[in-house]
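Residue numbers (the numbering used here): 8 to 237.
This is the structure we're talking about:
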């Protein structure tokens, strides 16, 4: 009888596969320092990293420090980032957080989750990314894509992003959180899409996903194909 793998055993095998496929990973958002990383992550909400990377060079040429961005007219910020969507909200948040960094943090990006989450436009995921990627501090940023794959692989119940973060932090070693976060993102993009995914042919889903999960996704994909394009 085939032995059922524990979640920890699954996580270990997944790590081995991710290390083989993506031995070296860098955050896909172009930046020069903690502040430009913070700006890029704020801009990345509900858009693609590729598009953010296309608009930030012009923005950073005009304002790459909190002082410079705080002084830049909000209409100018809107013009520079207009292609990425949610322009009004993001432009106002960037200017407000820049003013707060200048007034309350000496023009520096804070190194605590609480202080980062208090900034306009900075949620838990954004704060976690900055803490880990800018400062090397232990944080496991879980976005909707990682949340989806963790549920697909049976590593978490998938009830919500917060629960998934807690589950993954227990399964992967703390020193690997930042690397695994990026590896899962890259794996999802290349091997494990949200729709029309062949779980049986996937390097991880093929053995990590349950029979129930595979059947649910097979039926969902069949339904989507029958409905056709909206």
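Positions of the beta carbon are idealized from the N, C-alpha and C atoms, including for glycine.
Presumed contact (8 angstroms Cβ cut-off) between residue i and residue j, rounded CB distance
| i | j | result |
| --- | --- | --- |
| residue 73 | residue 51 | No, residue 73 and residue 51 are not in contact; Cβ-Cβ is about 19 angstroms, not under 8 angstroms. |
| residue 147 | residue 164 | With 8 angstroms as the limit, residue 147 and residue 164 do not qualify as a contact, their Cβ atoms being about 16 angstroms apart. |
| residue 88 | residue 66 | 6 angstroms |
| residue 43 | residue 71 | 6 angstroms |
| residue 166 | residue 212 | With 8 angstroms as the limit, residue 166 and residue 212 do not qualify as a contact, their Cβ atoms being about 20 angstroms apart. |
| residue 100 | residue 59 | At roughly 14 angstroms, the Cβ-Cβ gap does not stay under 8 angstroms, so residue 100 and residue 59 are not in contact. |
| residue 194 | residue 28 | 7 angstroms |
| residue 210 | residue 24 | 6 angstroms |
| residue 133 | residue 154 | Residue 133 to residue 154, Cβ: 15 angstroms. No contact. |
| residue 126 | residue 138 | Not confirmed; about 13 angstroms, so no contact. |
Distance, residue j Cα to residue i Cα
| i | j | result |
| --- | --- | --- |
| residue 122 | residue 208 | 44 angstroms |
| residue 161 | residue 187 | 16 angstroms |
| residue 149 | residue 220 | 21 angstroms |
| residue 237 | residue 182 | Here the model assigns residue 237 a pLDDT of 49, short of 50, so the residue's position is not dependable, and the following value carries that caveat. Roughly 44 angstroms between the two C-alpha positions. |
| residue 192 | residue 151 | 10 angstroms |
| residue 8 | residue 156 | The predicted position of residue 8 is uncertain, since its pLDDT is 45 and thus under 50; a value taken from the coordinates is nonetheless stated next. One C-alpha to the other measures close to 27 angstroms. |
| residue 130 | residue 124 | 5 angstroms |
| residue 145 | residue 102 | 28 angstroms |
| residue 229 | residue 176 | 34 angstroms |
| residue 63 | residue 12 | 44 angstroms |
| residue 217 | residue 140 | 33 angstroms |
| residue 36 | residue 75 | 21 angstroms |
| residue 110 | residue 77 | 10 angstroms |
| residue 19 | residue 68 | 43 angstroms |
| residue 40 | residue 143 | 13 angstroms |
Could you tell me which uninterrupted alpha helix (DSSP H) segments, each at least 4 residues in length, are contained entirely in the segment 165–194, listed from first to last along the chain? List check, alpha helix (DSSP H) in window: 168–178.
For the 8 angstroms Cβ check, are there 3 or more pairs between the segment 81–95 and the segment 113–130? Put simply, the segment 81–95 does not touch the segment 113–130. Fewer than three CB pairs are less than 8 angstroms apart.
Continuous alpha helix (DSSP H) assignments of at least 4 residues falling wholly in the segment 101–148: Considered as a whole, the segment 101–148 harbours 120–124 and 131–142 as its complete alpha helix (DSSP H) runs of no fewer than 4 residues, in chain order.
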